[in-house]
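Residue numbers (the working numbering), protein chains in the order written: chain R, 998 to 1304; chain D, 998 to 1304; chain L, 998 to 1304.
Note that beta-carbon positions come from the ideal geometry of N, C-alpha and C, so glycine has one too.
Written below as structure tokens is the structure these notes are about.
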Amino acid sequence: MLKGRSLIDPMDFSTEELDEIFDLAHLIKNNPEEYSQICKGRILATLFYEPSTRTRFSFEAAMLRLGGNVIGFSEPNSSSVSKGESISDTIRVVSCYADVVAMRHPKEGAPKIAAMYSDIPVINAGDGGHQHPTQTLTDLFTIKLVRKSLSNITIGVCGDLKFGRTVHSLIKAMSRYENVKFVMISPKELKVPEYIINEVLEKNNIQYEEAEKLEDVMEKLDILYMTRVQKERFFNEEDYIRLKDSYILDAEKMKLAKKDMFVLHPLPRVNEIAYEVDDDPRAYYFKQAKNGMYVRMALMAKQLGVR
Amino acid sequence: MLKGRSLIDPMDFSTEELDEIFDLAHLIKNNPEEYSQICKGRILATLFYEPSTRTRFSFEAAMLRLGGNVIGFSEPNSSSVSKGESISDTIRVVSCYADVVAMRHPKEGAPKIAAMYSDIPVINAGDGGHQHPTQTLTDLFTIKLVRKSLSNITIGVCGDLKFGRTVHSLIKAMSRYENVKFVMISPKELKVPEYIINEVLEKNNIQYEEAEKLEDVMEKLDILYMTRVQKERFFNEEDYIRLKDSYILDAEKMKLAKKDMFVLHPLPRVNEIAYEVDDDPRAYYFKQAKNGMYVRMALMAKQLGVR
Amino acid sequence: MLKGRSLIDPMDFSTEELDEIFDLAHLIKNNPEEYSQICKGRILATLFYEPSTRTRFSFEAAMLRLGGNVIGFSEPNSSSVSKGESISDTIRVVSCYADVVAMRHPKEGAPKIAAMYSDIPVINAGDGGHQHPTQTLTDLFTIKLVRKSLSNITIGVCGDLKFGRTVHSLIKAMSRYENVKFVMISPKELKVPEYIINEVLEKNNIQYEEAEKLEDVMEKLDILYMTRVQKERFFNEEDYIRLKDSYILDAEKMKLAKKDMFVLHPLPRVNEIAYEVDDDPRAYYFKQAKNGMYVRMALMAKQLGVR
């Protein structure tokens, strides 16, 4: 039962519970009209203690497309709520007005504290560099959509794998499925942290390999999950000049990939995917953004117990 | 008839008119579903020239839960409306788009001027340190709910009684009911102003007493209305150290109170009510916040003439 | 067919297409109830990269009064959307969530770029000093309403005609109708630019005259379109002192005008129309603001193909 449950960590829900959400998201995607009034009379509160327009829009559109409504704030200045008031008091007041909360907060753990004191379900919409579970659900739902399954798959993750929150969550979440193999493409300085290797991959007997250049591994991949590499994260200028192009996906590199390999990206992109790739039918990142809305619709419908 | 009327001062409405609002608020609270569409097609404009997230949320949730919608701004920067334009012009333009306005403004009297030029009802949602009439309505409705009546009651008001806007409004508003007695607990420096004593209490033959320590009077009270005492308002450090604990409500002091004495607070609290009190069934401040939404629903339904 | 079309420049639509919009706006104005649900389930995204509360309110109220909903941001700070992301990416993500976009942007041409990449119609809600087509549509609709026709009319435009965006757009748009005559009243320094004279008025054989004082030409006008003259735009103090009153419309000057001459103004006004004029039945600027909402309702209904 997901009714009344909060979602703070991507691993809060079992794979069966995720399947419940993905199945509903699928139904909604195929027949949005049928679900367009199921949250009538319900209110989502978007408490964004730091701005994140894309995520906020996705949550708000999700609730509106279910027939519900939205109250909220979109940046710290406008939230007198926060002034001198504890998170626990704020959430108890917001519980009086809303039926479900999406909270974005610069401090790790803030949504978790909110969930402890809330009478209504709290969704972590990103807490610092920590967790962003609805992004992970979006990624899983998208992979399942294009591959029909979350098992038997080789996933390339490319970019800054050291600090990239979404990639860590994706690896953890995918490690619960069968016969998943990871190909991790990054500069040496930005490799996946040891604890992910030891406590997630090794511990669960997940196959993985590491690579420094995208072009060396393209042909193996079923999914390529791109993220950004920031110049200032390289240790020296030489390495940056030598390697930077290896983390930019372009039409040339797409020629090396399978015909049914899909490219995902959490967005926003800066220059890590060349615009020329957008027209390739395997470029799936904007569709992924749309899937994020359907996943959030399904999640909130389940939390509110209307489906 | 409340249809089309503005609410600028808590005393704008007669006690009979307030009863009309409270009766409707009561009905809505008990059967929200029945009222969930009565404002369909109506628009509330929330013009918040200074941020007050809690109040804004309460108004917006109120209108949404009546089936209406909301436009608005939540802080001065985003209101190009205000740039070089008079309040009277702004309100006339907003009147073109909305059906009722809730205005928060740092300047005393701004909502009153707005109401003079508006084609639609204006609600003062707080004008500087001046008035905040929907807070007073919330307080009265809450007292009436827990006591069944606004007469025959001993109300303790505790904290900074000199500058506390909500307390002054509460005393004025309660002075219209029968057999009300006030116990006013504050440091000497922060006693209720002379004009409240002379022009409200004495003039209306209201019984009152003043006290310096909460623990001395707890047992007499039917309602305890807590507010904050800011350290910087004390005249000297010694007094502050000697007295500060007397204005913090904790489980110990609650033992001195009647079994059916309810604790109210306009929120946000800082530390004037210890968290341990939250679990006491007499702690009523979060329910009071929820009542604020029902009162605003009833108020706007009356002003719009839909009930 | 206006379905799916963007509106970037006031001249994007033919006069026949404008008539379609104005006819629908007229129907909505006369019977709003009948149209109050035609956009149910649709979402407008208001992307305001610079604040413009009045315009934003008009768009949002328009969509809400058609039964639709709104997501959006109202100022640059809150738009993480913009950080490092191209307009083309932003609009493609917003296209996932919304059905129509109103974009305000300080950079000329930004809405045009957005429209090129958008899957959904984009409305330019003002791009720098460049275009603001829904203001022009509002002006034309209002003139048509009060005059029954957009032909056979003498329009006075008064104020800063050199930099005034709305006036340039109005002249261009009106030049497509028959027997329109312009009287352009401004200080010498702020006359209509040469290219408007040559490429719009002369080229289309439009009659026009220029005047320095409002009082000299009042009696000829069917419509007086007022805009502001900023003191700092005068070349010298002497001229300013000599002329300033000639650009302030007051009751005295209104006496010189025809009985059925209507005064329009895009708002906000500062002091270019004296408050005493507001009570004159010919003062039409607040009604014009309301017409702006009806025009936007009709425009979006057409773009969404629901009417």
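Residue pairing of residue 1019/L in beta bridges, as defined by DSSP: absent, with no partner found. Between residue 1261/L and residue 1286/L a beta carbon distance of about 10 Å is seen, past the 8 Å cut, so the two are scored as non-contacting. Closest option to residue 1255/R, judged by alpha-carbon separation, among 1126/R, 1164/R, 1152/R, 1190/R: 1152/R. Of the residues 1102/D, 1083/D, 1211/D, 1082/D, the one whose Cα lies closest to the Cα of residue 1247/D is 1211/D.
For residue 1094/L, the closest C-alpha among the options 1073/L, 1067/L, 1104/L is that of 1067/L. Distance from the CA of residue 1119/D to the CA of residue 1013/R, rounded to the nearest whole angstrom, comes to 51 Å. Secondary structure at residue 1101/D: strand, using DSSP grouped into helix, strand and coil.
Look at the beta carbons and you see the stretch 1264 to 1282 of chain L touching the stretch 1233 to 1252 of chain L: at least three pairs across the two are nearer than 8 Å. In this structure, residue 1137/L lies away from residue 1158/L, with their beta-carbon atoms at least 8 Å apart. Counting only Cβ-Cβ distances below 8 Å, residue 1028/R has no contacts in chain D at all, with the closest Cβ about 25 Å away. Fewer than three beta-carbon pairs drawn from the stretch 1138 to 1145 of chain L and the stretch 1100 to 1120 of chain L are found closer than 8 Å, and the two stretches are therefore not classed as touching. In the DSSP assignment, residue 1149/R is bridged to no other residue.
Rounded to the nearest angstrom, the gap between the Cα atoms of residue 1089/R and residue 1082/R is 11 Å. Annotated as distal: residue 1148/D and residue 1121/D, with beta-carbon spacing of 8 Å or more. Residue 1068/R sits in a strand when the DSSP states are folded into three classes. For chain R, the residues of the stretch 1088 to 1104 of chain L that bring a beta carbon within less than 9 Å of one of its beta carbons are 1089, 1090, 1091, 1092, 1093, 1094, 1095, in chain order. Residue contact check for residue 1068/D against chain L: a CB pair falls below 8 Å.
Between residue 1109/R and residue 1125/R, the CB-CB gap reaches or exceeds 8 Å.
For the 8 Å CB-CB criterion, residue 1155/D and residue 1240/D do not form a contact. Of all residues in the stretch 1256 to 1289 of chain D, the ones placed with a Cβ closer than 7 Å to any Cβ belonging to chain R are 1264, 1265, 1266, 1267, 1283, 1286, 1287, in chain order. Ranked by Cα distance from residue 1244/R, the options 1046/R, 1185/R, 1008/R are led by 1185/R.
Here residue 1123/L carries a strand assignment [DSSP, helix/strand/coil]. Considering only beta carbons, no part of the stretch 1209 to 1239 of chain D lies closer than 7 Å to chain R. Within chain D, the residues 1040, 1042, 1066, 1068, 1093, 1094, 1095 have their CB atoms less than 9 Å from the CB of residue 1058/L, given in chain order. Under the Cβ criterion of 8 Å, residue 1086/L is counted among the residues facing chain R. With fewer than 16 other beta carbons inside 10 angstroms of its own, residue 1238/D counts as exposed. Sequence-distant partners of residue 1292/L (beyond 5 residues in either direction) whose C-beta falls short of 6 Å from its own C-beta, in its chain, are 1022, 1134, 1135, 1138.
Each residue's CA atom was taken as its position, placing residue 1205/R and residue 1198/R some 7 Å apart. Counting only Cβ-Cβ distances below 9 Å, residue 1054/R has contacts in chain L at 1042, 1068, 1069, 1070, 1078, 1090, 1091, 1093, 1094, 1095, in chain order. At a C-beta separation below 9 Å, residue 1082/D has these neighbours in chain L: 1051, 1264, 1265, 1266, 1267. Linking residue 1226/D to residue 1028/R through their CA atoms gives a straight-line distance of about 56 Å. For residue 1024/R and residue 1092/L, the gap between their C-alpha atoms comes out near 21 Å. Here the C-alpha atom of residue 1070/L lies approximately 25 Å from the C-alpha atom of residue 1302/L. For residue 1045/D, the enclosing beta strand (DSSP E) has its first and last residue at 1040 to 1045.
Annotated three-state conformation of residue 1093/L is helix, per DSSP. Looking at the backbone, the Cα of residue 1010/D and that of residue 1060/R are separated by about 37 Å.
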